[in-house]
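In my numbering, the protein residues as written are 75 to 190.
Here a beta-carbon is modelled for each residue, glycine too, at the ideal position from N, C-alpha and C.
Right, dumping it as structure tokens:
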């Protein structure tokens, strides 16, 4: 069992930046992928960014060039640097850990609100 705890959310003006952190209770080095998802009110949860075990990354088109995902295996932490934030980025952001075998783990979420 792996617990994921997100932090770093908050209220920011459009054009601003935030850095989200996801601390895992166990080693993330063996996880197939670590990712960030978000869910806005009335919408489905969507993938924002993912980093694979080997370090390759993938982003939703809507955040490419603005968000950067990174992982620190030594600290068992995943980060999401969010720059040039837009009001449409407002959502609850969830950390996800996908193991090679078994079900994925989810954090409790952190609210990000971008004011116009």
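What distance in whole Å lies between the Cβ atoms of residue 157 and residue 95, which are believed to be in contact at a cut-off of 8 Å?
For this step, residue 95 is matched to residue 21 along the chain shown. For this step, residue 157 is matched to residue 83 along the chain shown. With a Cβ gap of about 16 Å, residue 95 and residue 157 do not count as contacting.
From the DSSP output, in three-state form, read off residue 95 for me.
Position 21 of the chain shown holds residue 95. If DSSP states are grouped into helix, strand and coil, residue 95 belongs with the strands.
Considering only C-alpha positions, which residue in the set 175, 163, 109 and 103 is nearest to residue 80?
Locating residue 80 in the chain shown gives position 6, counting from the first residue. Ranking 175, 163, 109 and 103 by Cα distance to residue 80 puts 109 first.
With 16 as the cutoff for other CB atoms within 10 Å, does residue 163 come out buried or exposed?
Indexing the chain shown from 1 puts residue 163 at position 89. Looking at its Cβ environment, which holds 16 or more other Cβ atoms inside 10 Å, residue 163 is buried.
Could you check the C-alpha separation between residue 188 and residue 161 for me, to the nearest Å?
Translated into positions along the chain shown, residue 188 becomes position 114. Translated into positions along the chain shown, residue 161 becomes position 87. If I take the Cα positions, the gap works out to 5 Å.
I want to know whether the segment 163-172 touches the segment 111-118 - three or more CB-CB distances under 8 Å.
yes
On the DSSP letters alone, give me the boundaries of the beta strand (DSSP E) that residue 63 sits inside.
Because the chain spans 75 through 190 in this model, residue 63 falls outside it and cannot be assessed.
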